[in-house]
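Under full-length UniProt numbering, the letters of the sequence shown match residues 1 to 338, in that order. We put the beta carbon where it would ideally sit given N, CA and C, even for glycine. Accompanying notes for the structure given below.
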Amino acid sequence: MSDAAIAQDLAALAAQLQTLAGLQGKRDIQAAAASLPHRPFPKLGLAAALGDDAALLPATANRLLFACEGIHPDLVAEDPWFAGWSGVLVNLSDIAAMGGRPIAVVNSLWSRDRQHADQVFAGLQFAAEKFGIPIVGGHSNLQSPYSALSVAVLGQVGPHVLSARSAQAGDRCYLLINRDGQFYRHYPFWDAATGTAPEQLRRHWELMAQLADAGLVSAAKDVSMGGLIGTAVMFAETSGAGLDLHLDRLSYPAGVSRDRWLTCFPSFGFLLAVPEACCDRFLQRVATEPDLTCDHLGSFTNTGQVRLCDRQAQVCFWDCQEQSLMGFSALTDPESPH
Numbered sequence: 001m002s003d004a005a006i007a008q009d010l011a012a013l014a015a016q017l018q019t020l021a022g023l024q025g026k027r028d029i030q031a032a033a034a035s036l037p038h039r040p041f042p043k044l045g046l047a048a049a050l051g052d053d054a055a056l057l058p059a060t061a062n063r064l065l066f067a068c069e070g071i072h073p074d075l076v077a078e079d080p081w082f083a084g085w086s087g088v089l090v091n092l093s094d095i096a097a098m099g100g101r102p103i104a105v106v107n108s109l110w111s112r113d114r115q116h117a118d119q120v121f122a123g124l125q126f127a128a129e130k131f132g133i134p135i136v137g138g139h140s141n142l143q144s145p146y147s148a149l150s151v152a153v154l155g156q157v158g159p160h161v162l163s164a165r166s167a168q169a170g171d172r173c174y175l176l177i178n179r180d181g182q183f184y185r186h187y188p189f190w191d192a193a194t195g196t197a198p199e200q201l202r203r204h205w206e207l208m209a210q211l212a213d214a215g216l217v218s219a220a221k222d223v224s225m226g227g228l229i230g231t232a233v234m235f236a237e238t239s240g241a242g243l244d245l246h247l248d249r250l251s252y253p254a255g256v257s258r259d260r261w262l263t264c265f266p267s268f269g270f271l272l273a274v275p276e277a278c279c280d281r282f283l284q285r286v287a288t289e290p291d292l293t294c295d296h297l298g299s300f301t302n303t304g305q306v307r308l309c310d311r312q313a314q315v316c317f318w319d320c321q322e323q324s325l326m327g328f329s330a331l332t333d334p335e336s337p338h
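This is the structure:
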């Protein structure tokens with residue numbers, strides 16, 4: 001074969017390979033490259049820059065926390081910016097609920113087109129900048145017939161982990177929440193974060209880690225899509241303890257009904273188990289954050305039931321000994337200090 005023929009064949013092969021779907025699909029990464037800072041950890045050098053097969057993260061002497069959340073497909077399709085924002089927010093709340101501090105975020109996005117993806121990444125990066133937590137990688141598909149978003153976060157935690165399994169009968173139950181917000185559009189999302197100054201947001205989420213470090217809280221759960229009531233059931237199920245919630249002690253924003261407040265998903269809201277001996281110091285510490293409200297809703301019990309109380313009235317809402325919600329029931333750890 002002549003040199004000319006070889007060159008012609010080589011050119012044809014190159015042209016064919018350039019149409020490879022797997023190659024062209026990598027163009028979808030451009031949406032992330034255009035939206036995210038390329039050097040999330042400058043002190044680690046070029047090896048930590050985005051574009052490699054995995055993210056290089058700074059070393060930590062602490063134990064690690066790992067959380068992942070999928071965002072509801074309807075929200076991703078209808079409001080991609082808020083879906084991106086929420087993907088970061090809910091994961092940071094998961095880390096905070098364990099008494100930890102976040103290190104880095106990754107995401108997986110399936111999108112219809114570049115315009116939709118750009119809005120998702122704008123929301124993701126807005127949240128990352130607000131909280132000071134970098135997005136260090138992920139997966140992008142901009143040729144998808146559907147919209148989907150999953151976000152994960154890696155965090156670290158000190159010696160005091162706020163596992164929901166650590167709540168005990170006799171602990172007081174507090175709701176720590178930011179009421180200074182409003183419902184986002186028609187969704188059940190109480191937004192007290194998108195318009196809040198970054199330093200204030202970071203201080204609020206740091207508070208959870210500080211409460212854990214000081215040993216003032218024994219267990220916690222962030223109030224999530226199940227609302228306050230659903231979160232209480234999950235708390236009781238994993239801890240094995242019951243929980244009496246006095247709804248007459250619950251404070252809620254003006255113009256918001258009690259029912260809606262009980263079922264909303266707040267941007268900052270945590271149910272906390274506080275040992276009796278720590279309550280005074282706990283209340284003194286949270287009082288230094290005037291933007292937050294701390295309601296003493298009741299106590300953990302040995303009944304295995306979540307009971308709703310209003311003055312003298314009481315009703316069993318959920319008996320965790322009779323029916324499960326998540327399927328993660330209480331465990332006995334022979335090495336536990338409890």
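query: Residue 105, DSSP secondary structure in three states; result: strand
query: Inter-residue Cα distance where the pair is residue 314 and residue 171; result: 19 Å
query: Endpoints, beta strand (DSSP E) assigned at residue 243; result: 242-246
query: Coarse secondary structure for residue 338, derived from DSSP in three states; result: Unreliable placement is indicated for residue 338, whose pLDDT of 45 sits below 50; the coordinate value is still reported in the next sentence. Three-state result, residue 338: coil.
query: C-alpha distance - residue 75 paired with residue 100, whole-angstrom precision; result: 28 Å
query: Test item: CB-CB of residue 36 and residue 125 under 8 Å; result: yes
query: Rounded Cβ spacing between residue 145 and residue 105 (contact assumed at less than 8 Å); result: Incorrect: roughly 26 Å between the Cβ atoms, too far for contact.
query: Contacting residues, own chain, Cβ-Cβ under 8 Å from residue 221 (five flanking each side not counted); result: 97, 164, 231, 234, 235, 270 and 271
query: With 16 other Cβ atoms within 10 Å as the buried cut-off, status of residue 255; result: exposed
query: Neighbourhood of residue 167 by C-beta, 6 Å cutoff - its chain only, sequence neighbours within 5 removed; result: 219, 239, 241, 273 and 300
query: Classification of residue 302 by the beta-carbon crowding that lies within 10 angstroms, buried from 16 upward; result: exposed
query: Distance between residue 306 and residue 229 (C-alpha atoms, nearest Å); result: 9 Å
query: The region 145-157 in contact with the region 57-70 per 3-pair CB rule at 8 Å; result: yes
query: Span of the alpha helix (DSSP H), counted from its first residue to its last, around residue 86; result: 80-97
query: Residues that DSSP places opposite residue 310 in a beta bridge; result: 313
query: Start and end residues, alpha helix (DSSP H) containing residue 259; result: 258-263
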